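Chains as they are written, first to last, in our numbering: chain A, 306 to 643; chain B, 306 to 643.
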């Protein structure tokens, strides 16, 4: 099958770039040193490639992701790196044999974990991002409470999300060290074998954790590329040019493709198109100005590079693994929803 | 069923507000004067309510929306108000008895329509938004070409999307008049019974078209509400508070709910939460500062109001029609994808 036969908009993953990214990360963070985060791609077929690259456990952001990974036979060691209260759904998959470790950061989430049939937790520690995680000085007491409730405490996690795209890189390293010292201090009080953190932006400079939670390195986007990382953009959204204009009122000519904001994560801004300037996106359209007027015709296919990969993928039912214009495989995006 | 039992994030539609919106529009634009645009809600159950309110035809933005409306028995008079080249899918539903009129704006799209088995078209005219639509002065020639190819030309459409939220409203009216004069000029050359255009932002001031293509009036969002329209925000995203912080380094306290940017259309910016200031969204989280610290606890439910309703709905599998905390119906968002 050729990409020209795909209904657009369609998510494409360039196989060679994906394989290079998988290999580069497996070299830098081999085996259990990486716990790939599936929220970036929401695709069990891609997760299976990550396991084949040597990484045995996975990170999830939602209960649905946990359930989907278990259903795909990838539930051997899952970390749900997020607070949840609907813990009975986790208890149900654990009961059937999956291993799921849940992040907790409060008395309420510890008690929900115990109540729902969760057996293992990590203490989520705030390391500077104003989001989840307890203050480092309270981690030890929460671990004690968890153990009192019969939970196994596997260690700590702390996500330095505010530093993922921080530049310059030497300052990213310095600030990551500061954040991880908070996490290691908490770990001294908590114990356990896991110190989990990091992401695609800090995988190289975060040398304090026992495992990195990166996911976006597989697909990449224009934001992470701008952060100076050694991974290639393997993901794009294939579109069809549906309208070409000569310009309006003597203005510049433009073209329109069928890749709109319903097909793109927009929180990092507009996508980019090679050889063109993107003007704006609407629901089902991207309007852009080709560098060479006349070079774009109705029916042409274009590749649109998203600003933020994670929410882009979550909008599509499937991604297509391709080698240029040749479609190799169709991978369902089977971890969507909640 | 109570909303407390719903898995979060969950789309809620307040029944009374929806009914008020449906009634207000049906009074202002009764019957065929409104051709509701289903892209705003992607939900055939809601479209059925619009038909029950007296509107016989519908507007679609994608082929999938057309196919889904036909499957739901709502395919009596559909306008696909967008250019497409994959016209065989439309020909297939027309062959089985649906009535589908397709927008065309170029020789290529006219020829694709004829080739794919489409029988009826409107000429899409550019009225000032740099997107699709032919220049007004070319509309007559395109209509002639379409008729030569055996297509029935039902009239013209032109979308003044650049004016939907234009303020002040009297200037919105003046500029809409200018745009619609371009469309009426094209209509004089094209003929046919349809002059289709407008949207929720201009339904009251666009008195030149024969039918308005509004959809967002049913659900509304913070952007349209800011534009001074008489419709109520019926849509919200229900979330669960999963973490509450005392503040960090002496800073202000905050809370986190499980309504992240994967559950929200972000192209109009952050959502809002009553009684709180939203700081930022990440994939599965919204971090916000409650006006009254201590008023929010882990496990509380919050309603998050999206900035842009259309892409928000497209991220969810279903919406729940509610009366306060009582769940009345579950409506699948069955027109998603492409």
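Ideal Cβ positions, reconstructed from N, Cα and C, are used throughout, including at glycine.
Being a predicted model, the structure only gives us computed values, none of them experimental.
Comparing alpha-carbon positions, the option among 388/B, 326/B, 428/B and 548/B lying closest to residue 428/A turns out to be 548/B. Put simply, the segment 400-419 of chain B touches the segment 443-450 of chain B. At least three CB pairs are less than 8 Å apart.
When C-beta atoms of the segment 503-518 of chain B are compared with those of the segment 608-627 of chain A, fewer than three pairs fall below 8 Å, so the two segments do not count as touching.
The beta carbons of residue 468/A and residue 484/A sit closer together than 8 Å. Between residue 460/A and residue 497/A, the C-beta gap is smaller than 8 Å, which places the two residues in contact.
The criterion of a C-beta distance shorter than 8 Å is not satisfied by residue 590/B and residue 552/B. The residues 368, in chain order, have a CB closer than 6 Å to that of residue 394/A in the same chain once the five nearest residues on each side in sequence are set aside. Residue 593/B places its beta carbon less than 8 Å from that of residue 560/B.
Taking C-alpha positions only, residue 364/B is separated from residue 521/B by approximately 12 Å. Put simply, the backbone Cα of residue 330/A is about 14 Å away from that of residue 321/A.
Minimum Cα-Cα distance from residue 457/A among the listed residues 376/A, 423/A and 599/A corresponds to 423/A. According to DSSP, residue 428/B shares a beta bridge with 409/B and 461/B. Judged by beta-carbon spacing, residue 362/A lies within the 8 Å limit of residue 337/A, meaning their Cβ atoms are closer than that value. At a Cβ-Cβ threshold of 8 Å, residue 438/A and residue 463/A count as neighbours.
Contact between residue 408/B and residue 385/B holds, with the beta-carbon distance rounding to 6 Å and staying under 8 Å. One alpha carbon belongs to residue 608/A, the other to residue 629/A, and they sit about 11 Å apart.
Within the same chain, and ignoring the five residues on either side of residue 350/B in sequence, the residues whose Cβ sits closer than 6 Å to its Cβ are 636. In the three-state DSSP reduction, residue 628/A falls in the strand class (E or B). Rounded to the nearest angstrom, the Cβ distance from residue 316/B to residue 529/B is 17 Å, too far for a contact under 8 Å. Note: residue 516/B is bridge-paired with 501/B in the DSSP secondary-structure output. In the DSSP assignment, residue 578/A is bridged to 609/A.
Residue contact with chain B for residue 388/A: present (Cβ-Cβ distance below 8 Å to some residue of chain B). For a cut-off of 8 Å, the C-beta gap from residue 533/B to residue 482/B is around 18 Å, too long to register as a contact. Closest in alpha carbon position to residue 495/A, among 444/A, 436/A, 526/A and 542/A, is 444/A. Non-local beta-carbon contacts of residue 487/B in its own chain, meaning distances under 6 Å to residues more than five positions away in sequence, involve 432 and 441 in chain order.
Residues of the segment 395-411 of chain A with a C-beta atom less than 9 Å from some C-beta of chain B are 410 and 411, listed in chain order.
With fewer than 16 other CB atoms across the displayed protein chains lying within 10 angstroms of its CB, residue 579/A is exposed. Using a 10 angstroms sphere on the CB of residue 358/B, the tally of other CB atoms reaches 16 or more, which defines it as buried.
Look at residue 350/A: its C-beta is not under 8 Å from any C-beta on chain B. At a beta-carbon threshold of 9 Å, the residues of chain A lying near residue 584/B are 435, ordered along the chain. Going by DSSP, residue 445/B is part of the alpha helix (DSSP H) stretching over 444-453. Counting only the Cα atoms, residue 542/A lies some 17 Å from residue 595/A. Spanning the alpha carbons of residue 539/A and residue 325/A requires a straight line of approximately 9 Å. Annotation: residue 435/B is outside any alpha helix (DSSP H) and is labelled neither H nor E by DSSP.
Spatial neighbours of residue 400/B in its own chain (CB-CB distance under 8 Å, excluding positions within 5 residues in sequence) are listed in chain order as 422.
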